[in-house]
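Here our numbering is used: the first residue of the sequence shown is 1, the next is one more, and so on.
The structure appears below as structure tokens.
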Amino acid sequence: MAKSFAGWVLFVLLCVIWGSSFILMKLGMQALTAYQVASIRILSAAIALLPFAYKAFRNVPKNKRGFVILSGLLGSFFPAFLYCIAETKINSSLAAILNSLTPMFTIIVGVTFFKLTAGIYKILGVVTGFIGLLLLPFAAHEGISVGDLSYASLVLMATVCYACNVNMVSRYLQNTAAISVAAMSFAFLLLPALLILIFSGYFELPFTSEPVMHATLASCLLGVMGSAVATILFYMLVKRDGPLFASLVTYGIPVIAVIWGMLYGEQVTLAEIGCLLIILAGVYMVNMKR
1 MAKSFAGWVL
11 FVLLCVIWGS
21 SFILMKLGMQ
31 ALTAYQVASI
41 RILSAAIALL
51 PFAYKAFRNV
61 PKNKRGFVIL
71 SGLLGSFFPA
81 FLYCIAETKI
91 NSSLAAILNS
101 LTPMFTIIVG
111 VTFFKLTAGI
121 YKILGVVTGF
131 IGLLLLPFAA
141 HEGISVGDLS
151 YASLVLMATV
161 CYACNVNMVS
171 RYLQNTAAIS
181 VAAMSFAFLL
191 LPALLILIFS
201 GYFELPFTSE
211 PVMHATLASC
221 LLGVMGSAVA
231 TILFYMLVKR
241 DGPLFASLVT
251 YGIPVIAVIW
261 GMLYGEQVTL
271 AEIGCLLIIL
281 AGVYMVNMKR
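Written out as structure tokens, the structure is:
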């Protein structure tokens, strides 16, 4: 019973942390640019994971380090910027709904490039998920303009990055400690994130300004909790209760994100909720064992 309770605690924490990430991006961009928020996210996560970095460098074999760096780029660096840029034009709730397509893209990338076999339920799940995706532009409040669609496509690009990373880690880093992969990958991302932050003009901002302080705090919280802590918690959940139970976090993230979006005044229609349910039905089929 204790083990089951601990697993559910980790599950709820992950849903809340990752589900809150989308609104934290919006809060950060109230006074900062998308590039500044994304850079602070990466930088703060890297600093939080630094205590594990030295051991990670020793534990990761030299022939695996290239994959670790690529994992950091695909799983953290590129998505951080893509999501923030996207949320300059679309609301956080829509971004979270689109993010729930990650399992579908994981199957597509796996079948296309990693010789993964997909049964009938996984194929039906992918089709169902994309039906929900195609209906989204018609379900959104006052529709989605062509310009907004281009920004929404950035979220889809981020989910493809996640999908490539999941398949790559599963193929090439399966026997490498997860915390070592996270710590080492973020250590490599620290300098690029810092350089982007410097050239973005962040350090010329008035830090005594309350909006800048609040935006910086939201961005740091996004990095420490949404990237560093959540990564560790997720690996703990996988180790404790297995990958199938851990994958169920996919269902909770958009629910939390939509609730936060509504609390902050974002327009979320019943039709959008319906599209989310269609997508999650697809996720359910993708996760079926048969």
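In this text, a Cβ means the ideal position worked out from N, Cα and C, and glycines have one as well.
As the structure is a prediction and not an experimental result, all values here were calculated from the model.
Please state whether the Cβ-Cβ distance between Ile69 and Asp148 is less than 8 Å. no
With three or more C-beta pairs closer than 8 Å as the rule, is the stretch 250-264 touching the stretch 17-33? yes
Residue range of the alpha helix (DSSP H) that Thr102 falls in? Counting along the chain, the alpha helix (DSSP H) containing Thr102 begins and ends at Thr102 to Phe113.
Under 8 Å, do Tyr83 and Ala158 count as touching if we go by C-beta distance? yes
What runs of the alpha helix (DSSP H), each 4 residues or longer, lie entirely inside the stretch 163-205? Within the stretch 163-205, the complete alpha helix (DSSP H) segments at least 4 residues long are 178-199, listed from N- to C-terminus.
Quick one: what's got a C-beta closer than 7 Å to Val60's C-beta in the same chain, skipping five residues either side? Val68, Thr176, Ser180 and Met184
Looking only at its own chain, which residues have a Cβ that is under 8 Å from the Cβ of Ala6, when we skip the five neighbours before and after it? Arg240
With distance defined between alpha-carbon atoms, name the residue in Glu87, Phe105 and Ile23 nearest to Asn287. Phe105
Proximity of Ala139 and Gly282 at Cβ, strictly below 8 Å: No, these two residues do not count as a Cβ contact at 8 Å.
Could you check how far apart the C-beta atoms of Ser92 and Ala246 are, in whole angstroms? I think they sit under 8 Å. 23 Å between Cβ atoms; not a contact.
Assuming contact is defined by CB atoms lying nearer than 8 Å, are Arg41 and Ser200 in contact in what I supplied? no
So, is Thr128 buried or exposed, given that buried needs 16 or more other C-beta atoms within 10 angstroms? It counts as buried.
What number of angstroms, rounded off, separates the C-alpha of Ala2 from the C-alpha of Leu233? Note that Ala2 scores 46 on pLDDT, short of 50, meaning its location in the model is unreliable; the coordinates nonetheless yield the value given after this. For Ala2 and Leu233, the distance between alpha carbons rounds to 17 Å.
Can you tell me whether DSSP reads Met25 as helix, strand or coil? helix
CB-CB length for Tyr235 against Ala163, believed under 8 Å: With a Cβ gap of about 19 Å, Tyr235 and Ala163 do not count as contacting.
Buried or exposed: where does Thr269 fall if 16 or more other Cβ atoms within 10 Å of its Cβ makes it buried? Classification of Thr269: exposed, given that the 10 Å Cβ count is below 16.
Please report the residue range of the alpha helix (DSSP H) in which Tyr264 lies. Neither: Tyr264 is in no alpha helix (DSSP H) and is coded neither H nor E.
Whole-angstrom C-beta distance between Ser71 and Leu173, which should lie under 8 Å: Between Ser71 and Leu173 the Cβ distance is about 7 Å, and since that is below 8 Å, they are a contact.
Backbone CA spacing between Leu156 and Phe52 [nearest angstrom]: 31 Å
Taking buried to mean at least 16 other C-beta atoms within 10 Å of its own C-beta, is Pro103 buried or exposed? buried
Go through its chain and collect everything with a Cβ distance to Tyr151's Cβ below 6 Å, but skip five positions before and after it. Ala86, Lys89 and Ile90
By Cβ distance below 6 Å, which residues in the same chain neighbour Ala31 in space, the five residues on each side in sequence not counted? Pro211, Val212 and Ala215
What are the start and end residues of the alpha helix (DSSP H) that includes Ile131? DSSP places Ile131 in the uninterrupted alpha helix (DSSP H) bounded by Ile120 to Ala139.
Does DSSP classify Val12 as helix, strand or coil? Helix, per DSSP.
Just mark Glu272 as buried or exposed, buried being the case when its beta carbon has 16 or more other beta carbons within 10 Å. buried
Is it the case that the Cβ atoms of Ala193 and Ala46 are separated by a distance below 8 Å? In this structure, Ala46 lies closer than 8 Å to Ala193 by Cβ.
Whole-angstrom distance between Ile120 and Ser44, CA atom to CA atom: Straight-line Cα distance between these residues: approximately 42 Å.
Member of Gly265, Leu237, Tyr54 and Pro206 whose CA lies at the smallest distance from the CA of Ala187: Tyr54
Going by CA-CA distance only, name the one from Ala230, Val109, Glu266 and Val238 that's closest to Asn167. Val109
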